[in-house]
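Take a look at the structure set out below.
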Amino acid sequence: MPAPTPAKGRGRRRALLGAVAAIGAVALLAGCSTSSGAASSGSDYEKASKDTKATLTYAVWDENQVKAIKANLTGFNEEYPDIKVNVDVTPFASYWTKLQTQGSSNTLPDLFWMNGPNFQLYAANGKIAPITGEVKAGAIKPDEYSSALNDLYTYDGTQYGVPKDFDTIGVWMNKALFAKAGVAMPSKDWTWDDFQKTGAELSEKLHADGAYGAAGGMDGQTTYYDTIFQAGGNVIDKSGKTSEYDSAAAEKGLQFWTDLIKSGASPSIKQLTDTTADQWFTSGKLAMYQGGSWFRSALTGTDLEKDVVVYPLPKGKEQATVIHGVSNVVSANSKNKVAAQALQVYLASKQAQQQQGDMGAVIPAYEGTQDAFTKTMPDADLQVFLDAVDYAKPLPVSKNTAAWNTLETNLLPSAFDGSTPVDQVAKDLATKMDTALGKEK
Amino acid sequence: MTIHTERNPATGTPARTQRASGPGAPGTELPDAPRAGRPPRRTDGFWPWLFVLPLLVGVATFYIWPIIQTFWYSFTSWGVFGGATFSGVANYVRLLSDPQLYQSLLNTVIYTVIVLLGIPIAVWLASLLNTTGLRFAQFYRVLFFLPYVAMPAAIALVWRIMFNGDYGIVNWFLGRFGIDGPYWISTPGFALLAVSLVGLWSSLGFSMIILGAGLKDIPPELYEAAELDGASRWRQFRSVTVPLLSPSIFFVVIVTTISSFQLFDLLYAILGSTNPVIPKTMSLVFYFYSAGFIDNDKGFAAAIAMVIFVLIGIVTLVQFRVQKRWVQA
Amino acid sequence: MTAMTSSTRAARRPGRRGGSHWWIHVVLGVGGFVMAFPFLWQIIMSLSTNAQVQSVTPTFWPGELQWQNFAQVFERLPFLSQLGTSVMVTVIRTIAQIVLCTLAGYAFARMRFRGRAILLGIVLSILLVPSQVYLISQYQIVAPGLFSAFGTFLMRTAFLNLPPELEEAARMDGANPFQTFWRIMLPLARPSISVLAITTVLWSWNELLWPLVVSTRAEDMPLAAGLATLSSDRTIDYPVLMAASLMAMAPVLIMFIVLQRRVMDGLASSGLK
Chain A
17 MPAPTPAKGR GRRRALLGAV AAIGAVALLA GCSTSSGAAS SGSDYEKASK
67 DTKATLTYAV WDENQVKAIK ANLTGFNEEY PDIKVNVDVT PFASYWTKLQ
117 TQGSSNTLPD LFWMNGPNFQ LYAANGKIAP ITGEVKAGAI KPDEYSSALN
167 DLYTYDGTQY GVPKDFDTIG VWMNKALFAK AGVAMPSKDW TWDDFQKTGA
217 ELSEKLHADG AYGAAGGMDG QTTYYDTIFQ AGGNVIDKSG KTSEYDSAAA
267 EKGLQFWTDL IKSGASPSIK QLTDTTADQW FTSGKLAMYQ GGSWFRSALT
317 GTDLEKDVVV YPLPKGKEQA TVIHGVSNVV SANSKNKVAA QALQVYLASK
367 QAQQQQGDMG AVIPAYEGTQ DAFTKTMPDA DLQVFLDAVD YAKPLPVSKN
417 TAAWNTLETN LLPSAFDGST PVDQVAKDLA TKMDTALGKE K
Chain B
6 MTIHTERNPA TGTPARTQRA SGPGAPGTEL PDAPRAGRPP RRTDGFWPWL
56 FVLPLLVGVA TFYIWPIIQT FWYSFTSWGV FGGATFSGVA NYVRLLSDPQ
106 LYQSLLNTVI YTVIVLLGIP IAVWLASLLN TTGLRFAQFY RVLFFLPYVA
156 MPAAIALVWR IMFNGDYGIV NWFLGRFGID GPYWISTPGF ALLAVSLVGL
206 WSSLGFSMII LGAGLKDIPP ELYEAAELDG ASRWRQFRSV TVPLLSPSIF
256 FVVIVTTISS FQLFDLLYAI LGSTNPVIPK TMSLVFYFYS AGFIDNDKGF
306 AAAIAMVIFV LIGIVTLVQF RVQKRWVQA
Chain C
330 MTAMTSSTRA ARRPGRRGGS HWWIHVVLGV GGFVMAFPFL WQIIMSLSTN
380 AQVQSVTPTF WPGELQWQNF AQVFERLPFL SQLGTSVMVT VIRTIAQIVL
430 CTLAGYAFAR MRFRGRAILL GIVLSILLVP SQVYLISQYQ IVAPGLFSAF
480 GTFLMRTAFL NLPPELEEAA RMDGANPFQT FWRIMLPLAR PSISVLAITT
530 VLWSWNELLW PLVVSTRAED MPLAAGLATL SSDRTIDYPV LMAASLMAMA
580 PVLIMFIVLQ RRVMDGLASS GLK
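Chains A, B and C, in that order, give the protein sequences. For my numbering, add 16 to where a residue sits in the first sequence, where the first one is 1. For my numbering, add 5 to where a residue sits in the second sequence, where the first one is 1. For my numbering, add 329 to where a residue sits in the third sequence, where the first one is 1.
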């Protein structure tokens with residue numbers, strides 16, 4: 017209870033309070049509308065009326081998925097016959113260069129694909145629109161997608177991208193090679209030790225054929241990120257500002273691969289740079305390939321297909337796998353925002369996702385639409401990839417993921433090939449990565 | 006994609022400016038002296054501008070302006086999507102003390118030298134190809150020109166497969182001689198060597214065509230005279246062929262040097278973007294690309310671009326000086 | 330080019346007759362083989378399966394020829410429409426370059442105007458800049474390749490090598506510079522124009538970077554860019570890519586074979602020496 021104030025002071029105080037209140041109100045309003053860098057008018061979403069006329073550009077990078085996209089668009093046009101969508105395919109390697117150029121001149125496509133490594137850059141610079149409005153209106157339901165995926169596309173508490181598809185990591189096993197080596201297939205409940213032992217044994221028995229049991233490599237998403245998570249560690253901390261490579265857990269995760277190469281279970285790093293692990297597998301020279309669900313498309317129609325079965329990743333301290341997926345984002349400065357959001361909503365719907373799964377080379381993100389995927393190779397137990405979502409962790413990313421990915425590529429080989437102690441490399445990498453993260457704006 | 010095939014028309018021959026006083030076919034060149042009784046023309050009025058303007062406008066807009074912009078950017082610091090702030094010479098200071106710059110420069114020079122080694126080979130092959138009455142000459146010519154016609158992206162992939170350490174044809178071939186081939190693409194020194202060999206391979210055809218044309222114009226009487234004087238074939242080659250061919254050789258050297266200094270596409274296509282040997286193997290332009298598009302540090306990248314520009318300029322100027330002494334006018 | 334026929338030349342050219350030819354064929358044959366080998370390999374790859382291409386022991390002959398890879402190209406790419414784009418872009422660029430560069434080349438060679446040397450120097454300096462640099466400029470560049478420093482120099486040299494008396498004569502007859510250019514100098518420069526045309530065609534046909542960044546629909550892309558779309562971010566379908574590349578290369582290769590003589594003659598008299 018405020019002490020009684022003299023009459024004069026009360027008047028002044030009231031005026032002051034009034035002023036403060038007024039300023040506060042303005043500030044509140046200002047905060048609600050466009051803020052400085054991030055989220056522009058994101059919370060507004062209006063459902064497009066059926067006769068909305070617009071021409072949209074939808075940018076993608078995978079030519080293989082165009083058929084499925086076009087099928088989606090046919091469905092979309094049934095609801096919105098006057099919205100014309102131009103699908104713009106740019107090869108992955110140039111996609112980001114092009115996008116950046118467009119971002120700089122504010123001519124981004126109305127709707128486009130976004131991936132984890134590049135997401136934060138666009139979100140932090142206000143180039144993409146949040147989906148808050150759509151979620152509020154019930155047009156998009158985040159619960160229908162894996163929470164790890166939603167997290168991947170959330171920046172500063174706001175979600176910007178709606179997951180379109182996902183992939184997880186498992187182990188592709190070549191049963192025929194196991195049989196040839198006379199090694200029994202391990203249990204699906206296996207641990208790191210099991211994996212290492214099996215790998216070494218296979219390599220020894222298959223030596224004459226020039227084949228190997230397992231393979232390391234420089235693809236973090238399929239190899240060392242997973243083992244780092246399985247050891248209980250992280251690559252980058254939650255705030256995305258510090259590297260966690262120098263933790264004991266991360267070092268354990270890296271050591272896994274050094275041991276694998278040292279024991280002869282895996283080809284050397286040089287060999288793996290020349291010929292990547294997936295190529296060893298498709299040539300029938302690798303018995304166990306740690307790979308993503310996307311690898312399925314490389315197998316369909318080949319002789320290898322009938323010999324393949326999928327295992328979950330071996331357990332370390334815990335069970336983990338890396339999940340990643342593409343999302344659809346709307347450009348914040350799109351001139352056809354309403355129409356673009358309508359498209360975004362449609363592509364996120366169960367019906368579009370089901371269609372995508374039935375037709376395409378990807379696993380759709382929407383809960384319950386993934387059955388088509390498992391049916392493509394009925395004997396391979398592709399269900400493993402779907403079950404993995406439960407223990408999946410999102411791909412490590414930051415605003416400039418590529419910068420420290422390059423550091424990983426340059427520094428880790430000497431840890432894996434045993435020429436430098438792992439903890440030394442890890443600390444070096446962590447320091448350099450911190451510098452790179454510090455530079456991010 | 007550039008092997009030598011994406012001959013960005015902005016790669017050409019400054020050599021021509023000297024050629025003004027060079028030897029055409031005998032008898033076609035005369036000094037541009039005023040004729041008796043006519044005052045020298047000062048200017049041709051507005052006509053030249055009519056001729057030159059379309060090109061100049063285009064060049065200025067699409068080439069000059071971006072270069073000026075890049076120059077400006079090199080003094081700024083950038084966010085990814087714009088927002089340049091002036092930072093003075095900070096980029097240059099950082100650049101000149103960055104060991105990667107010197108490594109990239111060294112790699113580029115090594116590549117250039119190896120590719121230039123192809124020129125003597127090209128001279129020799131061109132002279133063989135020029136033998137009169139040679140059957141299948143057309144056929145050979147097409148073969149040698151093939152790399153120039155190829156689609157660079159695909160050819161680079163083929164080479165990458167051929168250089169594969171485990172199943173590539175190059176190592177298989179070496180194996181027949183008992184040599185244990187290295188993992189070309191994944192070993193620092195060998196990666197550069199592999200890329201250089203491909204560069205050499207792809208530039209040979211172009212050089213041969215130019216040199217072949219130059220050879221055709223050497224009057225046979227000179228060879229006869231030399232032979233009558235008792236000169237051996239090798240002597241003839243040294244004293245007749247090479248000097249008279251020197252303008253062509255010079256042209257080829259200049260073009261090849263400038264083009265080699267701009268090495269990027271070939272390197273990128275053969276090594277791939279996630280190859281641990283990249284830092285030790287990258288070229289100057291690759292360094293530019295990695296700064297500008299991977300690190301997103303456009304101001305720094307602009308500074309690199311300016312340095313590249315200056316370096317190529319210096320190298321070209323030096324070659325011109327050399328030309329004055331060695332090339333027979 | 331002297332008026333001597335090649336047979337008299339052969340009789341006079343020292344040490345290059347008859348018997349010593351065989352070793353020349355050996356050298357050129359081996360050299361040619363090395364040049365052509367990657368293309369042979371490409372053909373083999375285009376007839377194999379992806380697994381065979383990447384198998385850890387080289388597959389020299391696929392056994393079963395996978396001709397369907399070529400058919401697949403048409404399925405995976407709008408090949409014909411991309412071919413059309415390539416042709417159109419190439420033709421436009423070639424014509425534009427010929428027009429602009431001959432005009433400018435002539436002016437630089439034979440006309441006097443203030444600042445000629447400086448402008449020439451500026452145009453020259455472009456040659457030193459790698460093309461990737463232009464990407465960081467904000468420019469929405471739609472049509473580079475219509476203008477060429479290389480082409481300008483080529484034509485300038487060609488014109489420099491033509492006898493000035495012709496011009497003087499024309500001038501005395503009262504022709505204005507354009508008429509002189511059009512009627513007299515241009516036809517004489519035809520060989521160099523052929524060279525310019527061919528180099529532009531080759532360069533434009535294989536060009537990759539700009540079309541990728543600029544074009545939108547797959548149908549609008551030229552072939553080189555279209556080929557790039559065959560490699561997704563994770564897998565490369567080698568056989569189809571190789572098949573597509575061979576098919577894309579074919580038109581230009583045929584053109585070169587047919588016009589070979591023209592090229593050689595053009596280069597020889599272009600004063601490149």
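Beta carbons are placed, not taken as given, at the ideal position from N, Cα and C, and that holds for glycine. Keep in mind the model is a prediction, meaning the values are calculated, not measured.
What number of angstroms, rounded off, separates the C-alpha of residue i from the C-alpha of residue j?
i      : j      : result
K329/B : L250/B : 15 Å
N166/A : K157/A : 11 Å
T422/A : M130/A : 20 Å
T285/C : P516/C : As shown, chain C starts at 330 and ends at 602. That puts residue 285/C outside it, with no answer to give.
S375/C : G307/A : 27 Å
Q386/A : D98/A  : 31 Å
N88/A  : Y362/A : 8 Å
S265/B : V315/B : 15 Å
D205/A : T243/A : 16 Å
I119/B : I126/B : 12 Å
L122/B : S253/B : 16 Å
V356/C : F256/B : 25 Å
D270/B : G186/A : 34 Å
S110/A : Q116/A : 10 Å
Does any C-beta atom of chain B lie closer than 8 Å to the C-beta of residue i?
i      : result
P459/C : yes
F368/C : yes
P429/A : yes
I424/C : no
Using a C-beta cutoff of 8 Å, does residue i count as contacting chain C?
i      : result
E79/A  : yes
S299/A : yes
W189/B : no
T318/A : yes
A159/B : yes
M4/B   : This structure gives no information on residue 4/B, because the portion of chain B shown stretches from 6 to 334.
Restricting to Cα atoms, I'd like to know which of the options is closest to residue i.
i      : options                        : result
L100/B : W83/B, V320/B, A310/B, Y145/B  : A310/B
K213/A : I277/A, T316/A, D181/A         : I277/A
I339/A : Y61/A, L402/A, Q81/A           : L402/A
S486/C : F437/C, M578/C, Q461/C         : Note that residue 486/C is Thr in the sequence shown here, rather than Ser. Closest by alpha carbon: F437/C.
R445/C : A158/B, N280/B, W52/B, S82/B   : W52/B
Y172/B : F182/B, G186/B, Q105/B         : G186/B
V452/C : I124/B, P224/B, V312/B, L61/B  : L61/B
F476/C : P459/C, I424/C, P391/C, M417/C : I424/C
F67/B  : L369/C, W352/C, L412/C, V458/C : V458/C
In chain order, what residues of the same chain have a beta carbon less than 8 Å from the beta carbon of residue i, not counting five sequence neighbours either side?
i      : result
M576/C : F399, V402, F408
G434/A : T274, I277, K278
Y228/B : Q241, V245
G203/A : The residue you asked about is not Gly; residue 203/A is Ser in the sequence shown. The answer, listed in chain order, is D210.
Counting only the same chain and skipping the five closest in sequence on each side, list residues whose C-beta sits under 7 Å from that of residue i.
i      : result
F389/A : G373, I379, L398
Q105/B : P284, Y292
F311/A : W188, D294
G198/A : K221
Leaving aside the five residues before and after residue i along the sequence, list all residues of the same chain whose C-beta is less than 6 Å from its C-beta, in chain order.
i      : result
L456/C : A478
Those runs of the alpha helix (DSSP H) which lie wholly inside the segment 96 to 175 of chain A and span at least 4 residues = 108 to 120, 132 to 140, 148 to 152, 163 to 168
Considering only residues of the segment 297 to 366 of chain A, which uninterrupted beta strand (DSSP E) runs meet the minimum length of 3 residues and lie entirely inside it, listed in chain order?
-> 304 to 308, 324 to 327, 337 to 339, 343 to 347
At which residue ranges does the segment 377 to 450 of chain A contain complete alpha helix (DSSP H) runs of 4 or more residues, listed in the order of the chain?
-> 387 to 392, 399 to 403, 417 to 432
In chain order, each alpha helix (DSSP H) run of at least 4 residues that lies wholly inside the segment 551 to 587 of chain C | 552 to 557
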